[in-house]
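Quick note on numbering: the sequence shown equals residues 26 to 165 in our numbering. Ideal placement from N, C-alpha and C gives every residue a C-beta, glycine not left out. Predicted, not measured: the structure shown is a model, and the values here were computed from it. Structure, as structure tokens:
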Amino acid sequence: MPVSRTLSIIKPDATRRNLTGAINAAIEEAGLRIVGQKRIRLTRAQAEAFYAVHKERPFFADLVAFMSSGPVVVQVLEGEDAVARNRTVMGATDPAKAAPGTIRARFGESIEANSVHGSDSPENAAGEISFFFSSDEITG
Ligand code: ATP
Ligand code: MG
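This is how it looks when you write it as structure tokens:
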């Protein structure tokens, strides 16, 4: 399986509780390398653009407010089958339904404040990585 990349975001509920290091340890223990990383505060416009696919969903306004409510850590992860590998270590969207030991089961507060984002396909990963990173900010 060739090496590939995915986009991860450590969400505001997790940065607020000082969980960046614990989440990064879980990511690295899952066999992924953090090859790009920065801590930023999303504007409302950036959060709306990033989650545009969900703009008709009832939770969209709340999600945009939440994602711009505090700092996030955006990350490029690299490894074999990076998208699926990261989705496995993240766990299900709803922390109450996430498998034991996953990041969302351990740290998620609610279906919205679920601590991490991960791209859901290689195609979306490429678009999401270029949304936040220029090529000179990623070093494998
Ligand atoms: P993400 O895209 O953040 O990795 P996901 O792919 O597991 O999560 P999506 O269906 O893409 O889930 O939803 C995007 C985000 O919207 C979720 O991570 C969560 O923060 C929020 N969300 C999803 N469903 C709900 C809901 N029913 N109520 C409130 N917020 C929700
Ligand atoms: Mg998603």
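Residue from Asp-161, Arg-30, Val-114 and Asp-119 with nearest C-alpha to Gly-126 | Val-114
Among all the DSSP beta bridges, which residues are the ones paired with Ser-29?
-> Ser-29 is bridged to Gly-104.
Would you tell me roughly how many angstroms separate the C-alpha atoms of Phe-85 and His-79, rounded to the nearest one?
-> 6 Å
Which residues does DSSP pair with Ile-154 in a beta bridge?
-> In the DSSP output, where bridge partners are listed per residue, Ile-154 has none listed.
DSSP state of Arg-42, grouped into three classes?
-> coil
Inter-residue CB distance, Arg-129 and Val-141 (contact presumed, cutoff 8 Å) | 7 Å
Thinking Gly-56 and Gly-104 are a contact (beta carbons under 8 Å), I'd like their distance in whole angstroms, please.
-> Contact annotation, Gly-56 with Gly-104: C-beta distance approximately 5 Å; criterion of less than 8 Å satisfied.
State the Cα-Cα distance for the pair Ser-146 and Ser-93, rounded to the nearest angstrom.
-> Taking the straight line from one Cα to the other gives about 24 Å.
Apart from the five residues just before and just after Asp-106, which ones in its own chain have a Cβ nearer than 6 Å to its Cβ?
-> Cβ neighbours of Asp-106 within its own chain (closer than 6 Å, five residues either side excluded): Met-26.
Considering only C-alpha positions, which residue in the set Arg-69, Ser-155 and Glu-54 is nearest to Arg-110?
-> Glu-54
Closest to Arg-112 by CA distance: which of Arg-82, Ala-150, Pro-96 and Glu-81 is it?
-> Ala-150
By how many angstroms is the C-alpha of Ala-123 removed from the C-alpha of Gly-116?
-> 5 Å
What are the boundary residues of the alpha helix (DSSP H) that includes Ile-128?
-> 128-132
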